Amino acid sequence: MSNYPFAAIVGADEMALALVLTTVSPEVGGVLVRGEKGTAKSTMVRALAEILPRQAVVHGCRFGCDPRSPAADCPDGPHTEAASTTRPARLVELPVGATEDRVIGSLDLSKALGLAQAHRGLLYVDEVNLLHDHLVDLLLDAAAMGRNTVERDGVSVSHPARIVLIGTMNPEEGELRPQLLDRFGLTVEVKASRDPAQRADVVRRRLAFDEDPVAFQTSYAVAQADVAARIASAQEALRRVRLSDWALDKIATVCAGFEVDGMRADIVTARAAVAHAAWEGRTDVTREDIRTAAKLALPHRRRRAPFDAPGLDEDLLDRLLGDDEPPPPEYPQDPQDPEDPHL
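Here it is as structure tokens:
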């Protein structure tokens with residue numbers, strides 16, 4: 420481990436949660452982090468990669484295919500009875516000023532393959548608002564479809580590209596077009612704390628890390644392991660979380676109440692609520708899961724006047740959600756099993 424520990428970062432709880440949720444469920448659609456310079460945006464993204472679970476991959480596959488379900492059309496396949504190995508989750512950073520070949524790759528498979536490197540990992544784009552719009556479109560298309568296709572001179576190569584897309588930006592340097600903004604699953608606003616005690620704690624920890632990185636990382640080893648284990652557990656539990664009709668009705672009520680355009684907001688909020696329930700160790704989506712998901716999925720999709728403040732009207736959110744909690748789940752009883760634990 421060489422980066423600042425994820426567990427040691429203070430004052431960015433909402434960003435940390437958004438990053439965790441989209442790694443628990445990549446289908447959420449990635450995260451856009453908006454904030455002023457010097458707010459640890461890049462630090463947190465790089466720290467996240469070091470606590471993600473190791474991945475099983477097909478040995479020798481440049482696309483990192485999962486040996487349990489390798490892509491049938493992988494350019495390095497077919498992977499029948501292929502040996503497997505493990506590797507850390509990858510973080511691929513896209514530099515400012517990247518070209519299309521750098522983003523999606525080229526047909527020369529002997530070279531680095533852009534999005535292929537980030538398959539099943541994180542793709543980090545700092546200052547995403549300075550990237551050309553059509554390149555952002557390509558990234559978002561690949562993230563949404565889970566595939567990347569490189570076409571040159573009538574020849575094409577297609578490969579899996581299941582990525583967690585993370586973009587950071589300083590709004591002072593320009594905004595993303597609304598059409599692009601909407602396609603990021605979650606968004607958070609980060610800013611430096613105005614609490615003197617918290618600011619002092621940030622400086623204290625940073626100076627300690629710079630003075631002796633190894634000792635500082637060791638002091639957070641247990642906390643790091645706890646977060647890593649919780650992410651792995653939530654990823655495994657995700658498929659067991661129940662999204663009830665009650666929860667879907669609440670999500671639809673909230674999205675309609677904030678007058679969002681289209682249905683993407685409803686879908687992202689539902690996926691984020693399920694991921695949050697898994698993160699909290701629940702098997703059913705609750706009011707709190709929906710509230711948390713809405714605060715991350717809706718701010719950049721609500722209709723805003725030019726001088727409206729960022730964020731979400733939490734009073735309106737609470738009114739739309741109401742005070743009721745979901746009814747208790749109805750578990751079918753096996754008549755042959757008198758010891759049904761749900762009775």
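Numbering (our numbering) for the sequence shown: 420 to 762. Cβ coordinates follow ideal geometry from the N, Cα and C atoms, glycine included. These numbers were taken from a predicted model, which means no experiment stands behind them.
- Item | Beta carbon of GLY586 nearer than 8 Å to that of ALA716 | Looking up residue 586 in the sequence shown gives position 167. Looking up residue 716 in the sequence shown gives position 297. The answer is no: Cβ separation not under 8 Å.
- Going by DSSP, name the residue or residues bridged to GLN474. Residue mapping note: residue 474 aligns to position 55 of the sequence shown, counting from 1. ARG506.
- What are the boundary residues of the alpha helix (DSSP H) that includes MET434? Sequence index remark: in the sequence shown, residue 434 carries index 15 (1-based). That run of the alpha helix (DSSP H) goes 432 to 443.
- Message: Can you find the residues in the same chain that come closer than 6 Å, C-beta to C-beta, to LYS714, ignoring five residues on each side of it along the sequence?
- Response: Translated into positions along the sequence shown, residue 714 becomes position 295. Around LYS714: LEU731.
- Length of the line joining the Cα atoms of LYS610 and GLU455: Residue mapping note: residue 610 aligns to position 191 of the sequence shown, counting from 1. Residue mapping note: residue 455 aligns to position 36 of the sequence shown, counting from 1. Distance between the alpha carbons of LYS610 and GLU455 is about 6 Å.
- How about SER444 and ARG596: do their beta carbons lie closer than 8 Å? Locating residue 444 in the sequence shown gives position 25, counting from the first residue. Locating residue 596 in the sequence shown gives position 177, counting from the first residue. Contact: no.
- Start and end residues, beta strand (DSSP E) containing ASP545: Taking the sequence shown and counting its residues from 1, one reaches residue 545 at position 126. Here the beta strand (DSSP E) through ASP545 covers 541 to 545.
- Three-state secondary structure assigned by DSSP to SER488: If you number the sequence shown from 1, residue 488 lands on position 69. SER488 falls in the coil class under three-state DSSP.
- Of the listed residues LEU440, ASN548, GLN536 and ALA475, nearest to ARG453 (C-alpha basis): Reading the sequence shown from its first residue, position 34 is the one you call residue 453. Closest option to ARG453, Cα to Cα, is ASN548.
- Message: Using only the alpha-carbon positions, how far apart do HIS553 and PRO745 sit?
- Response: Indexing the sequence shown from 1 puts residue 553 at position 134. Indexing the sequence shown from 1 puts residue 745 at position 326. Their backbone Cα atoms lie some 43 Å apart in a straight line.
- Using DSSP with H/G/I as helix, E/B as strand and the rest coil, what is ASN589? By one-based count along the sequence shown, residue 589 stands at place 170. It is coil, neither helix nor strand.
- ASP742 versus VAL544, LEU600, GLU433 and ILE709, residue with shortest Cα-Cα distance: If you number the sequence shown from 1, residue 742 lands on position 323. Minimum Cα distance to ASP742 is reached at ILE709.
- Query: What are the start and end residues of the beta strand (DSSP E) that includes ASP454?
  - Reply: Reading the sequence shown from its first residue, position 35 is the one you call residue 454. For clarity, residue 454 is Gly in the given sequence; the question names Asp instead. Residues 450 to 454.
- Task: May I ask which residues mark the beginning and end of the alpha helix (DSSP H) holding THR462?
- Result: Mapped onto the sequence shown, residue 462 falls at position 43. 460 to 468 is the span of the alpha helix (DSSP H), which, as asked, contains THR462.
- Query: Given that a residue counts as buried once 16 or more other Cβ atoms are within 10 Å of its Cβ, and exposed if not, what is ASP545?
  - Reply: For the purposes of this step, residue 545 is taken as residue 126 along the sequence shown, with counting starting at 1. Under this definition ASP545 is a buried residue.
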